[in-house]
Amino acid sequence: HSMRMMFLAAEASIMVGGESLVRRELLRINDGDRRFELRPHGTPGSVCLDLAPGLMHATLSGHDRATLEVEWIVTDGSAIALDAWAMCGRQSSQVSILDAFGQLVIPDLTARDPAMHPMVFTPGRFLLRAETFNGPLVLRVGQSTSCVPMRAAV
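Letter by letter, the sequence shown follows residues 2 to 155 of my numbering.
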């Protein structure tokens with residue numbers, strides 16, 4: 002079962018009072034990078050990105066504003082179905098997914114919830130852009146666990 006979603010790069014930032022307080026880039030994501038955290042001391046804002054083979058899960062908490070961008074590719078072959086959703090406490094979050102040409106594949110990921118059917122992604126490059134103001138935001142994009150055979154714990 003090969004993972005066909007490969008992560009290329011990520012960037013997170015936290016802003017307070019319109020100033021970019023802290024920014025962190027992860028330019029090459031390898032198997033060693035599993036958790037990517039940005040928690041500046043003395044502010045309530047944070048960005049946490051968890052990566053697993055074929056799956057990303059992120060939690061953003063903006064004091065003023067927290068942002069996350071993740072770039073990935075769907076490798077060659079047929080299209081794949083990926084779970085894709087975002088949930089925010091307040092309606093002051095924006096999450097979108099763009100393709101390599103800058104066209105919106107999913108204009109508003111917060112309109113999708115975990116119960117929805119997976120989205121179909123064709124092979125190519127994608128960019129997730131997320132930002133939240135004041136409130137918490139949780140998002141997930143990845144290969145659906147529902148289609149992976151469950152193994153009984155031995």
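Built from N, CA and C at the ideal position, the CB exists for glycine as well.
Sheet register partners of residue i (DSSP bridge)
i	result
residue 67	15, 133
residue 125	75
residue 144	83
residue 170	Look at the range of the chain in this structure, 2 to 155, and you will see that residue 170 is not part of it.
residue 37	50
residue 25	13
residue 120	83
residue 105	99
residue 94	133
residue 138	61, 89
Coarse secondary structure for residue i, derived from DSSP in three states
i	result
residue 60	strand
residue 53	strand
residue 10	strand
Proximity winner among the options, relative to residue i (alpha-carbon distances)
i	options	result
residue 19	142, 134, 94	134
residue 141	84, 46, 103, 94	84
residue 132	71, 51, 143, 43	71
residue 111	14, 103, 87, 130	87
residue 56	14, 138, 81	81
residue 144	127, 15, 120, 128	120
residue 12	42, 139, 59	59
The ligand SAH heavy atom lying under 6 Å from the CB of residue i
i	result
residue 114	Here there are no bound small molecules, and the ligand SAH is not part of this structure.
Contact between the region 38-50 and the region 94-108: three or more CB pairs below 8 Å? no
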